[in-house]
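K.L.:
My questions will all concern the structure given below.
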Amino acid sequence: GQTIDIGDQMEFSNKPPGTAGIGCDCVENSNEEAKEEVNAFNEEEKAKHEAMRAERARRTQEIQRELASLEVGELLAMIFRAQQERVGTYKIFEEGLSTILKSGNMTTYPPLCAKVTASFSVLSDTINAVNSSLKEQKRTDITNFITKLQKNESDKLNWTAALHLERLRLRNAQLGEEGEDERTVQLLKDGIQSLQQKIGGAVESINEVLEELRCIAADE
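According to the working numbering, the sequence shown holds residues 7 to 226 in order.
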């Protein structure tokens with residue numbers, strides 16, 4: 007998946023030279039307390055990421071246990087359902103961006119990214135688990151297509167995230183918030199067009215793979 011990290015930069019002043027005496031301990035203590043808060047925050051974030059990885063691994067194992075008893079046709083049906091949910095998630099992503107572009111409230115974009123990233127992660131894990139199950143059954147005629155599907159979906163998501171950022175930049179540039187000139191605006195428009203073409207190509211490849219999988223499913 008594609009995530010967009012927005013980090014705040016925090017600066018802490020060192021003890022200035024020649025300031026020994028009254029008041030210096032306060033500056034030093036303040037700096038130490040701030041550093042301790044930052045360290046605590048970093049540890050908390052690290053713990054959250056570790057918990058997320060552990061939960062993802064647990065979820066993957068649980069899915070694989072459930073898949074062990076399913077027939078090939080049922081496994082393929084799971085892929086088709088996951089793809090439908092991917093379409094729905096992209097719709098949420100696009101509608102969220104449209105709302106942000108109209109309102110100008112950029113602060114809602116990171117939560118939107120986090121929401122869709124979580125959804126895409128679950129769907130990707132499900133399809134990967136199905137692929138693993140089919141590999142155990144030596145169905146390379148299917149797994150090769152699923153591998154292509156996942157690669158195309160990964161490209162599509164990366165290009166979509168890049169497209170969103172370019173559209174946000176273009177909005178700011180057209181409003182004069184970035185002090186951009188006409189040449190920069192045109193470059194952004196050209197970049198948007200290029201990304202849209204790449205996404206269109208990925209969608210076409212995805213549909214071709216899905217059609218191949220539907221043909222296989224019809225014979226099962």
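Glycine included, C-beta positions come from ideal geometry on N, C-alpha and C.
Note that the structure is predicted; figures quoted are calculated from it, not measured.
Is it the case that the stretch 143-154 contacts the stretch 169-177, given that we only count it when at least three CB pairs across the two stretches are under 8 Å?
P.N.:
no
K.L.:
Counting only C-beta atoms, is Glu-218 closer than 8 Å to chain D at any point?
P.N.:
Of the protein chains in this structure there is only one, and it is not chain D.
K.L.:
Pick out whichever of Ser-125, Leu-107 and Asp-161 has its Cα sitting closest to the Cα of Asn-178.
P.N.:
Leu-107
K.L.:
Return yes when the Cβ of Asp-131 is within less than 8 Å of the Cβ of Arg-62, no when it is not.
P.N.:
yes
K.L.:
In whole angstroms, what is the alpha-carbon distance linking Lys-229 and Gln-156?
P.N.:
With the chain covering only 7 through 226, there is no way to say anything about residue 229.
K.L.:
Is it true that the CB of Leu-129 sits closer than 8 Å to the CB of Leu-81?
P.N.:
no
K.L.:
Go ahead and label Arg-92 buried or exposed: buried means 16 or more other beta carbons lie within 10 angstroms of its beta carbon, across all protein chains shown.
P.N.:
buried
K.L.:
So, Ser-138 versus Gln-70, is the Cβ gap smaller than 8 Å?
P.N.:
yes
K.L.:
Mind checking which residues open and close the alpha helix (DSSP H) that includes Met-84?
P.N.:
Looking at the DSSP string, the run of the alpha helix (DSSP H) that includes Met-84 is 78-109.
K.L.:
Hey, how far is the Cα of Ala-83 from the Cα of Asn-158?
P.N.:
Each residue's alpha carbon lies about 19 Å from the other.
K.L.:
Within this structure, are the beta carbons of Ile-85 and Ile-133 separated by less than 8 Å?
P.N.:
yes
K.L.:
Label Ile-205 either buried or exposed according to how many other C-beta atoms from any shown protein chain fall within 10 Å of its C-beta, with 16 as the threshold for buried.
P.N.:
It counts as buried.
K.L.:
For Leu-194, count neighbouring Cβ atoms within 10 angstroms of its own Cβ and tell me buried if that reaches 16, exposed if not.
P.N.:
Buried: at least 16 other Cβ atoms inside 10 Å.
K.L.:
Can you look up Arg-145 in the DSSP assignment and give me helix, strand or coil?
P.N.:
coil
K.L.:
For a test of the three-state rule: what should DSSP assign to Ala-167, helix, strand or coil?
P.N.:
helix
K.L.:
Among Ala-74, Ala-120 and Lys-121, which has the Cα closest to the Cα of Val-136?
P.N.:
Out of Ala-74, Ala-120 and Lys-121, Ala-74 has the C-alpha closest to the C-alpha of Val-136.
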